[in-house]
């Protein structure tokens, strides 16, 4: 029910969120550049207007009530949507068609994303793109909070508010230093590498991806010696290049311009990894819908 006084303004909501996040009136007041007594009055007025109690007060510190926690979550989500609306309006005012924020795992930037962006920009030249490399879980969190509009992940299960569409199914390949005795001509099976140290993507990068890689070793009948875990392909390549171990990566991460590394395709093994595109079903960014036409 809308408060009868009808005095609730956008600034009151921002005041409430600042206190809800800091849980100290003093810190929230400093963040908002207003006086602490003034902020306390505004929050009390908001509670009176709404007829609800938002905070339990304990000296200088406060705690959210159950109602306050609900309101914080809902306002955070809806005000973020409002920010997107205002940002899009500003872009239109500046002569731009809109913006699209993308998150991605490293392998997607090699070919998939550049190809998509080139095709999209031919028809939509006035779009601003923001790209950020993120692990799979961070992308899902950012999609749900609408900090990004679309993601490129290696995972199979996503929350119900997130849509997922497989984009690329690919095999794996070995990454070895250039001076390694194995090559495509004399490689027969993974057993030739059971005494090697492996540098792999961290399980936190993607539990699904990690399980696929572990299946390769299971099928080969040995447990790998894992010397390093990382979330960045560039780190893997540097470590392999300096003879700290060898690695297994998706085929799309194969480099053609690195003279210090060599790659051996593992296309004979059954394991495949899937790169998928994900987005929040509740995202109202008009550019997202246009971009998805190219993805699908």
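Residue numbers (our numbering): 7 to 302.
We put the CB at the ideal spot given by N, CA and C, even for glycine.
Distance between beta carbons of residue j and residue i, contact taken as under 8 Å
| i | j | result |
| --- | --- | --- |
| residue 180 | residue 270 | 4 Å |
| residue 109 | residue 148 | 6 Å |
| residue 280 | residue 172 | 5 Å |
| residue 204 | residue 253 | 6 Å |
| residue 106 | residue 237 | That pair is no contact at about 24 Å. |
| residue 54 | residue 14 | Rounded, the Cβ-Cβ distance is 11 Å, inconsistent with contact. |
| residue 267 | residue 184 | 6 Å |
| residue 133 | residue 158 | About 17 Å; that fails the 8 Å criterion. |
| residue 249 | residue 206 | At roughly 16 Å, the Cβ-Cβ gap does not stay under 8 Å, so residue 249 and residue 206 are not in contact. |
| residue 175 | residue 47 | With a Cβ gap of about 60 Å, residue 175 and residue 47 do not count as contacting. |
| residue 3 | residue 188 | Because the chain here runs from 7 to 302, residue 3 falls outside it and cannot be looked at. |
Nearest residue (CA-CA) to residue i, options the options
| i | options | result |
| --- | --- | --- |
| residue 289 | 168, 22, 228 | 168 |
| residue 160 | 263, 47, 113 | 113 |
| residue 218 | 17, 162, 59, 126 | 162 |
| residue 83 | 69, 152, 67 | 152 |
| residue 6 | 35, 177, 51 | This structure cannot settle anything about residue 6, because the visible part of the chain is limited to 7 through 302. |
| residue 276 | 262, 227, 193, 221 | 221 |
| residue 81 | 23, 44, 138 | 23 |
| residue 274 | 190, 85, 40, 44 | 190 |
| residue 19 | 115, 86, 291 | 86 |
| residue 230 | 239, 255, 199, 208 | 199 |
| residue 260 | 243, 250, 249, 212 | 243 |
| residue 302 | 117, 264, 283 | 283 |
| residue 211 | 154, 49, 139 | 139 |
| residue 154 | 287, 131, 28 | 287 |
| residue 225 | 265, 262, 62, 197 | 197 |
| residue 265 | 182, 188, 291 | 182 |
| residue 263 | 116, 186, 295 | 116 |
| residue 297 | 223, 68, 131 | 131 |
| residue 202 | 67, 208, 49, 228 | 228 |
| residue 239 | 111, 143, 28, 223 | 111 |
With 16 other Cβ atoms within 10 Å as the buried cut-off, status of residue i
| i | result |
| --- | --- |
| residue 145 | buried |
| residue 101 | Model confidence at residue 101 stands at a pLDDT of 46, short of 50, so the residue's coordinates are unreliable and nothing is read from them. |
| residue 16 | exposed |
| residue 195 | exposed |
| residue 232 | exposed |
| residue 7 | The predicted model places residue 7 with a pLDDT of 44, which falls under 50 and marks its position as unreliable; any figure quoted below should be read in that light. Exposed. |
| residue 141 | buried |
| residue 124 | exposed |
| residue 92 | exposed |
| residue 126 | buried |
| residue 34 | buried |
| residue 251 | buried |
| residue 291 | buried |
Residues near residue i in its chain [Cβ-Cβ closer than 6 Å; skip 5 each side]
| i | result |
| --- | --- |
| residue 156 | 108, 285 |
| residue 58 | 73 |
| residue 136 | 107 |
| residue 209 | 216 |
| residue 42 | 31, 32, 35 |
| residue 10 | Note that residue 10 has pLDDT 48, beneath the 50 cutoff, so the model's placement of it is unreliable and no number is given. |
| residue 76 | none |
DSSP beta-bridge partners of residue i
| i | result |
| --- | --- |
| residue 63 | 68 |
| residue 288 | Paired residue(s): none; residue 288 is not in a bridge. |
| residue 174 | 281 |
| residue 110 | 139, 158 |
| residue 30 | 67 |
| residue 105 | 134 |
| residue 269 | 181 |
| residue 255 | 179 |
| residue 235 | 206 |
| residue 168 | 286 |
Residues of its chain near residue i, where Cβ-Cβ distance is below 7 Å and the 5 sequence neighbours each way are ignored
| i | result |
| --- | --- |
| residue 129 | none |
| residue 26 | 70, 74, 78 |
| residue 214 | 160, 161, 162 |
| residue 62 | 68, 69, 71 |
Close Cβ partners of residue i (< 8 Å) along its chain, the five nearest in sequence each way excluded
| i | result |
| --- | --- |
| residue 52 | 14, 18, 21, 22, 60 |
| residue 186 | 252, 268 |
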